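Chemist: Mind having a look at this structure? Questions to follow.
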Amino acid sequence: MCLCVCSQEDLDQRHTISSSMDSLELQTEALRHMLTSDVCSMDSVKVSQTTHTHGHTHTDTHTHIYSLLLQTALMELCHLRPALDDLTEASLSVTLDGLEADRLKSLTRKWAQALSCASHMNRTFQAEAQHSQSLQQKWDSWEGFQEKMEEDLAPDVSGNYSGLREQLAIHQRLRIEVLAGHQLLRGVIVNSMRSIEDTPEEKRPDLALKLAQMRERWQRIVNVAQQRSSLVQERLGQWRFYTRGVRRLGGLLRDVETLLPSAAQAFCTLQQIPCSLEDLGRAEETLAQHNGFYRHTLETGRLLSSMAELQTQAQLQTELQTLQESWDHARELLGERTILLETVVQNWGHFQVRLVDSAHKLDELKDRLKQPLPEKLEELQGEEKLIEVMQENEASLELWAGGVKELSTMKTDLSQYILAGDATLLQGQVEQLHCQWEELCLKVRGAWIERGGERERQM
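And the structure:
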C-alpha cells in the first residue's frame, strides 16, 4: 500500500488550483485591458490635462478618471499577489501536468508585466502632475506622501494568515509607492536646489538642513518598508509551511488509519497476515521518514501561536494538540498491531508444530496397540511386563490428552484474531486428532477387558 495523500485529495487540490487559475486569469486580463484602453492613455491625459479658466488651472475630468482607474488597477493588481503566492504554494504539493504548469507560469508572467506597466504609468502620471506644481506645492505633496507611507507602515505585523495576506498586498503597493517616491523626492530636491540662488544667503543653511532631514526621513521610511515587507513574507512563508504540513501529515495519518481497523480487530486470514505486516512495516517506516517534517511543523505552529492574537492562538493550539495526539496514537497503534500480528504468526507456527508432533505420537500409539495380545498365558515372558506395557499405553494416552488440551487453548487464542474459516480449519484439525485419540482409548479399554477374559479362561 502506498502511504501518501489520497488520490481523491490530489484531484480536489488540482481542481481547486485550476479554478483559482481561471479566476486569476480573468482578473489579470481585465486589468491588462483596462491599462491599455484609450481612457488609460497618457497621451490623452497630456492633451486634455489642464485648461485655463479665469487664470486658474484645474484638473480635467478625463485626468481625474485616468487617476482613479490607474489607482484602482494598481490596488487590484497588488491584491492579486497573495492569491498568486497561494496558488504557487498549492502547486508545490501536487504534480501539475505540463499544460497546467505552463498556465501558471504564463499567469505569473502576465501579472508581473501588468504590475510593471501600471507602476510605470503611475510614475509617469506623478511626474506630469509634479511638473505643473509650484515648489511649495511639491513640498506639501511630498509631506503628505510621506505621512501616508508612515500611516500604512504603522500597524504591527498581523498574527493571523488573512491579516498577513492583506498586509502583503499593502506592501506590494508600497513597493510601487517607493519607486514613485524616489522620483518625487528627486523632483523636490532638484527644484529646491534651483531655488537656492533666489533664496537669501542666511536662509540657505536652513533649506539645506531641511533637504537633508527630508532625505533621512525618506530613507527611514524605505528601510522600514523593506524590513516590514520581508517580515510579512517570512511570516506568510511560515504559515504556508505550517498549513501544508498539517494537511500533508493529516493525509498521511488518514492513510495509516486504513491499516489499523483490520489489525485492531485482527480479523484476517492467515494468508493475509504477512501482507498486513508488510503494510504496517511500510507505515512505520513512512512515519519515521516524516518525523523531522512533523517536528518542524509542530515547531512552526508553536512559533506562530506565540505571535498570534488570542483567537488564532487558541485555534493553533487546538490544531497542534490534535496533530500531536493523532501522530502519537498512530505510532502507538502501529507498534501494538505489529506485535499482535507477529504473535499470531508465532503462535500459528507453534500450533502447527504441536499439531504435527501430536499426530506423530498418536501414530506411534496406534502402532503399539496394533500388536496382538498373546493367546496363552505361558507365551508371556511375564505377566507383569504385559501389564506394565498396557499401563504405559494408558499413561501415554492421558499425557497426549493433556497436550491436546493445550492445543485447544492455543486454537481458542488464535481464533480471536483470524477469520471464521481459518478458525474452523483449526477446530477440524484438533477434532480429528481427538477422534483418533478416543478410538485408541477404546482399544486400550478393550485390551484390558480382553486380557481379563483370557485370564479367566486359563484359570
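Residue numbers 1 to 459, in the numbering used here, belong to the letters of the sequence shown in order.
Don't be surprised by glycine CBs; every beta carbon is placed ideally from N, CA and C.
Bear in mind that the values here come from a model prediction, so they are computed numbers and not experimental data.
Three or more beta-carbon pairs under 8 Å between the region 158-173 and the region 76-87, yes or no?
Modeler: Taking 8 Å as the limit for Cβ pairs, the verdict is that the region 76-87 does touch the region 158-173.
Chemist: Secondary structure at T57, three-state DSSP: helix, strand or coil?
Modeler: Interpretation of T57 is limited by its pLDDT of 46, a score under 50 that renders its predicted location unreliable; the figure taken from the coordinates is listed afterwards. Strand at T57.
Chemist: Below 8 Å, how does it come out for the region 316-323 and the region 238-254: are there three or more Cβ pairs, yes or no?
Modeler: With a cut-off of 8 Å, the region 238-254 and the region 316-323 count as touching, because enough Cβ pairs lie within range.
Chemist: Counting C-beta neighbours from all protein chains within 10 Å, is the total for D314 16 or more, i.e. buried, or is it exposed?
Modeler: Checking the sequence shown, residue 314 turns out to be Ala, not Asp. Per the 10 Å Cβ criterion, exposed.
Chemist: Alpha carbon to alpha carbon, what distance is there between W348 and E364?
Modeler: Roughly 24 Å between the two C-alpha positions.
Chemist: Can you name, in chain order, every residue of its own chain whose Cβ lies under 7 Å from the Cβ of T199, other than the five neighbours on each side?
Modeler: Taken in chain order, the residues that qualify are L207.
Chemist: Give the DSSP-derived three-state secondary structure of A263 in the structure shown.
Modeler: Residue confidence is low: A263 scores 47 on pLDDT, short of 50, so the model does not pin down where it sits. No coordinate-derived value is stated.
Chemist: Using 8 Å as the threshold, is the region 118-132 in touch with the region 63-73, meaning 3 or more CB pairs across them?
Modeler: A contact exists between the region 118-132 and the region 63-73.
Chemist: Exposed or buried, what is D12 when buried is set at 16 or more other beta-carbons lying within 10 Å of its beta-carbon?
Modeler: Under this definition D12 is an exposed residue.
Chemist: Quick one, which of G301, K366 and I273 has its alpha-carbon nearest T338's?
Modeler: Answer by Cα proximity: I273.
Chemist: In terms of residue numbering, what span does the alpha helix (DSSP H) encompassing T199 cover?
Modeler: Segment: none, T199 is in no alpha helix (DSSP H) and carries neither H nor E.
Chemist: Taking a contact to mean a Cβ-Cβ separation below 8 Å, would you say R235 touches V157 in this structure?
Modeler: Against a cut-off of 8 Å, the Cβ pair of V157 and R235 comes out as a contact.
Chemist: Report buried or exposed for R173, applying the criterion of at least 16 other Cβ atoms within 10 angstroms of its Cβ.
Modeler: Label assigned to R173: buried.
Chemist: Which first and last residues belong to the alpha helix (DSSP H) in which E128 is found?
Modeler: Its alpha helix (DSSP H) spans residues G98 to H131.
Chemist: What do you get for A263, buried or exposed, if any count of 16 or more other CB atoms within 10 angstroms of its CB means buried?
Modeler: Note that A263 scores 47 on pLDDT, short of 50, meaning its location in the model is unreliable; the coordinates nonetheless yield the value given after this. It counts as buried.
Chemist: In angstroms with no decimal places, state the Cα-to-Cα distance between D102 and I176.
Modeler: Taking the straight line joining both Cα atoms gives about 27 Å.
Chemist: Would DSSP call N347 helix, strand or coil?
Modeler: Residue state, collapsed to three classes: helix.
Chemist: If I'm right that S276 touches L341 with Cβ under 8 Å, what's the distance once you round it to whole angstroms?
Modeler: Right, their Cβ atoms sit about 6 Å apart.
Chemist: Is it the case that the Cβ atoms of M149 and L87 are separated by a distance below 8 Å?
Modeler: Taking 8 Å as the Cβ cut-off, M149 and L87 do not qualify as a contacting pair.
Chemist: Here's the rule: buried if 16 or more other CB atoms are within 10 angstroms of the residue's CB, otherwise exposed. What is N122?
Modeler: N122 comes out buried.
Chemist: Roughly how far, in whole angstroms, is the beta-carbon of Q130 from the beta-carbon of L184, given that I think they are within contact range, below 8 Å?
Modeler: Q130 to L184, Cβ: 6 Å. Contact.
Chemist: Please report how far the alpha carbon of N191 lies from the alpha carbon of L135, in whole angstroms.
Modeler: Their backbone Cα atoms lie some 7 Å apart in a straight line.
Chemist: Please report the Cβ distance between G301 and L316, rounded to the nearest whole angstrom; I am assuming they are in contact, meaning their Cβ atoms lie under 8 Å.
Modeler: Confirmed, about 6 Å.
Chemist: Compare the Cα-Cα distances from Q126 to each of T16, A112 and T63 and report the closest residue.
Modeler: That would be T63, whose Cα lies nearest to the Cα of Q126.
Chemist: Only counting runs of 4 or more residues, tell me where the alpha helix (DSSP H) segments fall wholly within the region 290-358, in order along the chain.
Modeler: Counting whole runs of 4 or more residues, the region 290-358 contains the alpha helix (DSSP H) stretches 291-307.
Chemist: Can you tell me whether G281 is helix, strand or coil according to DSSP?
Modeler: Three-state DSSP puts G281 in a helix.
Chemist: Have a look at L231 and L280 and give me their C-alpha separation to the nearest angstrom.
Modeler: Straight-line Cα distance between these residues: approximately 43 Å.
Chemist: Check for me: the alpha helix (DSSP H) holding L179 runs from which residue to which?
Modeler: First-last of the alpha helix (DSSP H) with L179: Y161 to S195.
Chemist: Tell me, to the nearest whole angstrom, how far the beta carbon of Y242 is from that of L310; I am working on the premise that it is less than 8 Å.
Modeler: 18 Å between Cβ atoms; not a contact.
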